[in-house]
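Take the sequence shown: its letters are residues -17 to 452, numbered as in the working numbering.
Where a beta carbon is used, it is the ideal one built from N, C-alpha and C, also for glycine.
On a predicted model such as this, the values are computed, not experimentally measured, just so you know.
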Amino acid sequence: MSESSATASFADFKLNKQLLMAVAEAGFEQPTPVQEQTIPLLLAGHDVLGIAQTGTGKTAAFGLPLLMKVKYAQGTHPRALVLAPTRELAMQLETHLKRLATYTDLRIFAIYGGLGPKTQIETIAQGVDILIATPGRLLELYLQGDLILKELKTLVLDEADKMMDMGFMPQIRRVLEVIPRKRQNVLFSATMPDKVAKLSEEFLEFPVRVEVTPAATSAQTVSQSLYRVPNFLTKINLLDYLLLDWDTFHRVMIFCRTKEHAENITGFLTRKVVGEARAIHGNKGQNARINAMEAFRNGELRFLVATDVAARGIDVPQVSHVINFDVPLVYDDYVHRIGRTGRATHTGAAITFANDAELHHMEQIAKLIHQEIPELLLPPEVKVMPTTFEEQQGMAREIDERRRRQDPDFQGAFHEKKTPLQKDVDKRTGLPYVEGPNRSQKGNKKRPSPGKSQSPAAKAAAKLRGSRRK
Ligand code: AMP
């Protein structure tokens, strides 16, 4: 919250009575900083480039002026279009805008893929004032003549960085070609990589930039911490230990990298407490995802396990904790993940589990968000499990690949075909290889003291053992 927000109120904006009533009913007492800055600009007709992450109140920041402008139901064709990267975000935007439009007769409707288009086409034919859409479905319906876009007077692009990441640029260009030129434009993005900056130059006209936090700065209201955890099974043990504290961890989102992890974690949680956990990921059908989200939202579920793409745009107020079971490889996703807790005026906590290979990514993330993420020692109650051979190989491979990218001359400690014993042992001497500065480019290996394994993963493991002893 900015300091000035203490004095601002929604009544200071020239919003109509219907909107002020809905704002009060939603429980918004004061505008958030992004609302305070954006609402007057949009009401005055400017284009706005907003850098704000989920959880800052950005939806109402562009939504309230939009509802003010479109005002009441009129004609058949949409007069405003909000583009969103995922169906979850599209659905969330629809819910949020409808809530703010409760006391108007505006027809707000979201279209997205994953469902047959028939019902969507029928609804559009009955008349829509504000259309929310994912780019693919929008173009599909437009190209087959089910959607007329010539009445558009406002275009909002939400989560533009994610749109670029997901490869929607060609679709967005195509949309820009077919909609009226004279219109008001809004672009919101959590971060401002070059691709988004370029896009904003292409389609915003003399925009005013609103930035509530520096790009990729994580929500100030979220307390963050990190555990070094050597492997999957130990991560499960740590999760088990943390979740014993039922009162504290009462509504938890658990993020992981893969569908397999999502399923395994959900299976584990379900065995512990029946009916309290569900997973959402790319292999889940649309209905399963919607149901899981709803159950989590209304408190039937204590845990929602999610992959990044599936979780994007989900609006779950008052999540007590975000647990990053795996570290995201797309660093911006960290910001999005932790934005699920500490939303708007609530405080929250984000806890990350990182194995040896993932620690590097956490360092990069800490740099990106300009914040230190304090490391906590594994509680002694958490049983440390041995790392399986496959997992060890996976981590070693990841570390090697990264080192090779950093230094093309790096020889690599990981060799696919060797057994773990052979990997670290010099066949001639029967002693472990030495790596690092003493080892020449040609692969001369100096002898270390016997018994000291020097592979990167082993080094990290030794470091880890050391830190745990402290
Ligand atoms: P958003 O960043 O738009 O996804 O909003 C995040 C959450 O903050 C949503 O649950 C909103 O309902 C809530 N919110 C938005 N504006 C306010 C406000 N002025 N006061 C309190 N909560 C808000």
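Between Leu46 and Ile21, the CB-CB gap stays under 8 Å. When Leu134, Thr334, Lys(-4), Leu97 are compared, the shortest CA-CA separation from Lys217 is found for Thr334.
Where Asn269 is concerned, the enclosing alpha helix (DSSP H) starts and stops at 268 to 279. For the region 201 to 261, the full-length alpha helix (DSSP H) segments reaching 4 residues or more read 214 to 225, 241 to 254 along the chain. Non-local beta-carbon contacts of Ala274 in its own chain, meaning distances under 6 Å to residues more than five positions away in sequence, involve Arg260, Ile262 in chain order. Between the alpha carbons of Arg89 and Ala55 lies a distance of about 6 Å. Residue pairing by DSSP places Asn306 opposite Phe237, Thr334 in a beta bridge. Here DSSP, grouped into helix, strand and coil, assigns Glu159 to helix. DSSP lists Phe237, Ile262 as the beta-bridge partner residues of Ala288. Comparing C-alpha distances from His303 to each of Gln353, Leu225, Leu350, Ile247 shows the shortest one belongs to Leu225. Inclusion of Leu169 and Gly330 in the CB contact set at 8 Å is not warranted, their separation being larger than that value.
The alpha-carbon separation between Met367 and Val204 amounts to approximately 30 Å. Note on His318: 16 or more other CB atoms within 10 angstroms of its CB, so buried under the neighbour-count rule. Leu63: not part of any alpha helix (DSSP H); member of the beta strand (DSSP E) spanning 62 to 65, first to last residue. Taken atom to atom, the span from the alpha-carbon of Ala42 to that of Glu383 is near 43 Å. Straight through space, the alpha carbons of Phe44 and Asn246 are spaced by roughly 39 Å. Contact check for Ala277 and Phe237: beta-carbon distance about 18 Å, past the 8 Å limit, so the pair fails to qualify. Rounded to whole angstroms, the separation of the alpha carbons of Ser171 and Leu215 is 36 Å. Around the beta-carbon of Asn269, fewer than 16 other beta-carbon atoms lie within 10 Å, marking it exposed. Bounds of the alpha helix (DSSP H) holding Gln17 are 15 to 25. Sixteen is the threshold: when 16 or more other Cβ atoms of the shown chains lie within 10 Å of the Cβ of Thr68, as they do, the residue is buried. Here Gly376 carries a helix assignment [DSSP, helix/strand/coil]. For the options Thr58, Met148, Lys254, the alpha carbon positioned closest to that of Ala107 is the one of Thr58.
Between Val64 and Asp140, the beta carbon gap of about 6 Å places them in contact (Cβ cut-off 8 Å). Three or more Cβ pairs closer than 8 Å define a contact, and the region 159 to 167 meets that threshold against the region 185 to 195. Linking Leu113 to Leu24 through their CA atoms gives a straight-line distance of about 18 Å. Asn213 and Asn337 do touch by the CB rule: their CB atoms are close to 6 Å apart, below 8 Å.
Listed in chain order, the beta strand (DSSP E) runs fully inside the region 107 to 157 are 112 to 115, 136 to 139, counting runs of at least 3 residues.
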